[in-house]
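To keep things clear, I will list the structure first and then write my remarks on it.
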Amino acid sequence: MNRPLDAGTPAQFRVDRQVDVLVPTRNRPTELAVTLAGLAAQEGVPGFGVVVSDQSDGEPGYAHPAAATMVRALRHRGHPVLLTRRLPRRGLAEHRNFLLTHSAARYVLFLDDDVWLEPGTLRRMVTAIDELGCGFVGNAVHGLSYLHDVRPETHRHYQEWVGRPTPERIRPSTPEWDRAQIHSAANLLHVTASLRLTAGEWRAYRVSWVGGCVLYDRAKLVDSGGFDFWQRVPTRHQGEDVAAQLAVLARHGGAGVLPSGAYHLESPTTVTERDVEAWEVVLADPDA
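The sequence shown lines up with residues 31 to 318 when you count with the working numbering.
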């Protein structure tokens, strides 16, 4: 039987380090275990921290024996892990804001609780943001059940950055907004295969937003407002990551990075109350 799991303390966790991984979760103990297993296999970024914030209806997902073992594995490999609960639920944006307040790292990776990272992914993302100097880099998630569903009409949205990304003001109903189509299904895997990259090569490309796995320069995210807008949106919303990324893009630029090592577990969503798109509310603000 698993012994009780030490949650850690925020005061001890919040120290200056290179990278913290921030994982919001709810009612997904199995998926959380897979996500943490992917993190435990990452190398090349020593001492990165992990914060898991749980909003499950019952006991927290990290109490499941499989997830608890992965927490212990991370700690055994030298990665501090902070386990928290954030109840009552006040919406996705508030939850991400809560996670962000627990980090003092240079970079923060917001990683969804249904994403597995292949080995080497975190190192490549850190290398990319170091070299590009922009506000964020993202690894769009692959849906492997769509591996044989090739959609060449989406590939035209792939545009590489030449040099460092520059700030962009992205809005709906523009060609730039349609870049997100490349992130559906397994489209990005097909684009990546066509590039025939050699081992260790990567490319930065233009995005409107990236879901599931985004590494931010924390100071630039905070400078762009972070998720402070949570107080202006109703609790039942989605699209909070889009709102934050549009703000960072406008001030500091951002990029997608391929190859992406992020794989979507394709589990049913736990976000069933999606009455409002947070980015619509934020963009409607004259000061946005």
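Just so you know, even glycine gets a beta-carbon here, dropped at the ideal spot from N, CA and C.
Check                                                                                                                     : Outcome
Outcome for H106 when other beta-carbon atoms lying within 10 angstroms are tallied against a minimum of 16               : exposed
L227 beta carbon less than 9 angstroms from that of I159                                                                  : no
Enclosing alpha helix (DSSP H) for S224 [first to last residue]                                                           : N217 to L225
DSSP three-state assignment for H172, whether helix, strand or coil                                                       : strand
Beta-bridge partners of C243, as assigned by DSSP                                                                         : L141
Neighbourhood of V75 by C-beta, 6 angstroms cutoff - its chain only, sequence neighbours within 5 removed                 : V49, L152, R153 and V156
S203 versus Y293, S238 and D258, residue with shortest Cα-Cα distance                                                     : S238
Beta bridge counterpart(s) of T55 as assigned by DSSP                                                                     : D84
N- and C-terminal bounds of the beta strand (DSSP E) containing H294                                                      : A292 to H294
8 angstroms Cβ shell around A234 - same chain, five flanking residues per side excluded                                   : A158, L162, V167, E190, W191, P195, A285, G286 and V287
Whole-angstrom distance between Q261 and D87, CA atom to CA atom                                                          : 23 angstroms
Residue nearest to G291 in terms of C-alpha spacing, selected from W146, T265 and R201                                    : W146
Rounded C-alpha distance that separates A273 from A123                                                                    : 9 angstroms
Coarse secondary structure for A134, derived from DSSP in three states                                                    : coil
C-beta atoms of G77 and V111 nearer than 9 angstroms                                                                      : no
Euclidean distance between Cα positions of I212 and R199                                                                  : 19 angstroms
Ordered list of beta strand (DSSP E) runs contained in the segment 271-316, each at least 3 residues                      : 284-288 and 292-294
Inter-residue spacing [alpha-carbon to alpha-carbon] between P298 and G193                                                : 39 angstroms
Strand pairing of G79, partner residues [DSSP]                                                                            : D50
Whole-number beta carbon distance between T300 and R102, since they are thought to touch under 8 angstroms                : Rounded, the Cβ-Cβ distance is 25 angstroms, inconsistent with contact.
Nonlocal neighbours in the same chain, by C-beta distance under 7 angstroms from P197, ignoring five residues either side : L279, A280, R281, H282 and G283
Option nearest V171 by Cα separation, candidates T222, E231, A63 and G241                                                 : G241
Under 9 angstroms between C-beta atoms of V81 and V51                                                                     : yes
C-alpha gap between E61 and G68, whole angstroms                                                                          : 11 angstroms
Three-way DSSP call (helix, strand, coil) for Q268 in this model                                                          : strand
L219 to T65 span [Cα, whole Å]                                                                                            : 20 angstroms
Span separating the alpha-carbon of M100 from that of L174                                                                : 24 angstroms
Cβ-based burial, L117 [other Cβ within 10 Å; buried from 16]                                                              : exposed
Under 9 angstroms between C-beta atoms of R115 and D143                                                                   : no
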